[in-house]
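Protein chains: 2
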Amino acid sequence: MPLTIYDISKKANVSIATVSRVLNGSDSVKESTKKKILDIIEEYEYTPNASARAMSLRSLRTIGILCADSSDVFLAKAVYLLQQELQSNGYESLLCCTGYNFDKKKNYMNLILSKKVDALILVGSNFIGSTEEENSYIRDGSAKVPIMLLNASFDYPNVYSTLCDDASSMTEAAEEMLRAGIRDILYLYSADSYSSKKKLSGFHTAMKRNEIPGYEDLILHAEESSSVEEIAAAIADFEAKGHTFHGILAADDTLAIAAVKYAHKKGRSIPDDLSVIGYNNSMLTEFCTPELTSIDSHLETLTHQLVTTLIGVLSGQEMPKKSLFSGNLVKRGTTNF
Amino acid sequence: MPLTIYDISKKANVSIATVSRVLNGSDSVKESTKKKILDIIEEYEYTPNASARAMSLRSLRTIGILCADSSDVFLAKAVYLLQQELQSNGYESLLCCTGYNFDKKKNYMNLILSKKVDALILVGSNFIGSTEEENSYIRDGSAKVPIMLLNASFDYPNVYSTLCDDASSMTEAAEEMLRAGIRDILYLYSADSYSSKKKLSGFHTAMKRNEIPGYEDLILHAEESSSVEEIAAAIADFEAKGHTFHGILAADDTLAIAAVKYAHKKGRSIPDDLSVIGYNNSMLTEFCTPELTSIDSHLETLTHQLVTTLIGVLSGQEMPKKSLFSGNLVKRGTTNF
DNA sequence: TCGCGTTATGTAAGCGTTTACATTTCTATT
DNA sequence: AATAGAAATGTAAACGCTTACATAACGCGA
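In the order they appear, the protein sequences are chains A and B. 1 is the number of the first residue of the first sequence in my numbering; add one for each residue after it. 338 is the number of the first residue of the second sequence in my numbering; add one for each residue after it.
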């Protein structure tokens, strides 16, 4: 049976209030009694019960993190960074993997809210749906605790967004290709999420601004959750149907790796005959040969900003509802410009 | 201000005990009042306060998960699977990323224990050190709650281990190569963990049993935390020093990918001139061309068994202290046997 | 030595549940 | 119609902590 504050107070010959005071630091306690209590706590390895504390304080100092799939490379990295940031700010985190279904997301949100977390972080743009109905759970949740969005944006009271400007990053990358003289660019995407749409719109922007005729014909939508092999095959298929392209812009690094694989199989040389750009600048970039050029969305910066905003919100400060950063292109071997 | 069980009881014109009873299901409540209460709970979206519940029950129904780095592909997958398993058993999980330092591990363990989690899962063999001192924190922790080890083994009361028999899997893979006539096998490893040692010893077993002379000269230790590019370069260096090999056995998939990269760069053809086998059968296997042959350590099975054992332990049953599974080789394009 | 203002410590209520035990309300049997 | 026994519901204590408020101890000047 673990020790309680009451046991400690007895051993130290003081009241529980005094023990509580030295535990929490703030109030005035005589130096000698403080030392005595601290020694006893040390000796018996007493640790206060967090649930009891949460009841009194009405806060667990714990943040709920919701994430569709923590085994996804990008999301895993984000979760990791968030945890580091939270820990260094004295907060714990409760992680919940929801899958991609909106009903499940709602259920898990309620589950985690019942733990009385102080706030909720939703990791990834897949938490934003395309219908009012799909997003209602965010509205409901935000009535109870602040909701922080990583890599997505949603304008609603008590909802704070931190994200990379995917649209303009993509525009930037496309225009870089165009400047290098590559005008037949295959745009490859699969997910249908908020940020995926942003990226696609950024691509449109670039192509329209540069008046590339018929560019829409080179937009390839890969089945979601298909394997790298399947995507590579889909690209080969697409080419076999008569489309030609000398650049591939992929909405994430996995897709880009599939593109590189397609090139390997078809014997197209990278970057001479074909340039490839991925998105996220994840560790996957170093897995292919040559190494993958990719757009870095500065996850470290985003997570840091998100937690900073969160801490501010929790301490009652007025904080920006939306923090937008811009990404940048990290050039490696799959491009030669 | 969130609703409490008291608010609900008032609205339903019953006592809090009755509400609690319908919440917990077990006790007898008249069908009509049950429905009335359920309706009200539904209407007002009431969710019980988990901290309060934890106080009464002396259990949070929460499991602490400690993991060095949740952005590592293998660990991330393990954590994900564990969470799924725990959730389907009605447990929440509190994840804490500790880094690889033992002092930090100890600190985080204490932190998470103060949350009064019901048990602790340590993910990955890096939680086992090579000295008594390094492992003392596990002994201390196990005095408070059951400790479950994934992919590591430690014989101590209240510590339960679930793992893949890495040594024999590796022996198996090596002998498969030998049977295919490849006798000059480069063994590539980097980490220094418990399971890494097991794998190496499995390799020794195979080579000794088959009386391969001088095989030790082909064991290459790559600097930990070096990039794929650096490891590929290290292999090239090694070869330049006069070593020849026609098979590479890597202690994890990342190393194997580096091996494939080395082959690409040096123009050695896989699998005709060089066979490569990785370990973990992670999603990385599909990233290379050709796809990577790899040893599957059955993470799904391991995590399932671990949680099953855990649930048993928590409900007071006698459970096996150690569950050992064997891995198997999944053959893909980097081998032709 | 007295009394006053600090400073240190103690007392007890409250946080939202669960549950043993007590009480009330039914049902069925006589 | 009375009553035993079962079924449904209520009462109140307990879980381990924080903290407002009450009280005690101390130091200091007159």
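Built from N, CA and C at the ideal position, the CB exists for glycine as well. Please read these numbers as outputs of a predicted model, since none were measured by experiment.
Own chain, CB closer than 7 Å to residue i, minus 5 neighbours either side, in chain order
i: A/S168; result: G202, S326
i: A/E229; result: none
i: B/I549; result: R520
i: B/D590; result: G615, Y616, N617, S619, L621, T622, L629, S631
i: A/Y91; result: R61, T62, I63
i: A/K266; result: A236
i: A/K11; result: I40
i: B/R395; result: none
Cβ-Cβ distance between residue i and residue j below 8 Å
i: A/I248; j: A/A234; result: no
i: A/E223; j: A/L329; result: no
i: B/A489; j: B/S430; result: no
i: A/I65; j: A/V79; result: yes
i: A/A425; j: A/L314; result: There is simply no residue 425 of chain A to check, as chain A begins at 1 and stops at 337 in what is shown.
i: B/I519; j: B/S612; result: yes
i: A/T238; j: A/L220; result: For the sequence presented, residue 238 of chain A should be read as Phe rather than Thr. The answer is yes: Cβ separation under 8 Å.
i: A/L188; j: A/A251; result: yes
i: A/I68; j: A/N126; result: With the sequence shown as reference, residue 68 of chain A is identified as Ala, and Ile is not the correct amino acid for it. Yes, the pair counts as a contact, with Cβ atoms nearer than the cut-off.
i: A/A180; j: A/M207; result: no
i: B/S357; j: A/M55; result: no
i: B/Y497; j: B/K658; result: yes
i: B/T646; j: B/M485; result: yes
i: B/C433; j: A/Q84; result: no
i: B/I568; j: B/T671; result: no
i: A/S32; j: A/T18; result: no
i: A/L3; j: A/Y46; result: yes
i: B/L636; j: B/D502; result: no
i: A/V145; j: A/L111; result: no
i: A/H243; j: A/D272; result: no
Bridge partners - residue i, DSSP secondary structure assignment
i: A/E92; result: A/T62
i: A/N328; result: A/D296
i: A/V276; result: A/I248
i: B/L486; result: B/L459, B/S498
i: B/C675; result: Outside the displayed range of chain B (338 to 674) lies residue 675 of chain B, so it cannot be described from this structure.
i: B/S346; result: Note: B/S346 sits in no beta bridge, so no partner.
i: A/S323; result: A/T162
Cβ shell of residue i (< 6 Å), same chain only, five flanking positions each side left out
i: B/T542; result: T508
i: A/I311; result: N89
i: B/D492; result: none
i: A/D103; result: none
i: B/M514; result: I522, G584
i: A/I16; result: I5, Y6, S9
i: A/N210; result: L178
i: B/F582; result: D521, L523, L555
Cβ neighbours of residue i in the same chain (closer than 8 Å, five flanking residues each side left out)
i: A/P48; result: I5, L23
i: B/L487; result: A415, L419, I458, L459, V460, G461, T499, L500, L639, T640, L643
i: A/I257; result: V228, G278, L284, F287, C288, L292
i: B/R669; result: T622, P627, E628, L629, T630, S631
i: A/P157; result: S142
i: A/K115; result: L60, T62, G64, L94
Distance cut-off 7 Å: residue i Cβ against heavy atoms of the ligand SAH
i: A/K30; result: Only the bare structure without any ligand can be found here, which leaves the ligand SAH out of the picture.
*At 4 residues or longer, and completely inside the region 101-145 of chain A: list those alpha helix (DSSP H) runs for me, N to C.*
102-113, 132-142
Which full runs of the alpha helix (DSSP H) of 4+ residues lie inside the region 177-231 of chain A, going along the chain?
-> 194-209
Discussion item. For the region 357-365 of chain B against the region 400-413 of chain B, do three or more pairs of beta-carbon atoms, one drawn from each stretch, fall closer than 8 Å, so that the two count as touching?
Written reply: The region 357-365 of chain B is not in contact with the region 400-413 of chain B.
- prompt: So does the region 459-479 of chain B actually touch the region 614-627 of chain B, counting three or more Cβ pairs closer than 8 Å?
  reply: no
Self-check item: Stretch-stretch touch, CB-based, cutoff 8 Å, three pairs: the region 259-272 of chain A with the region 190-207 of chain A
Solution: They do not touch, by the three-pair rule.
Let me know the alpha helix (DSSP H) ranges lying completely inside the region 30-63 of chain A, each 4 residues or longer, listed in chain order. 31-44, 50-57
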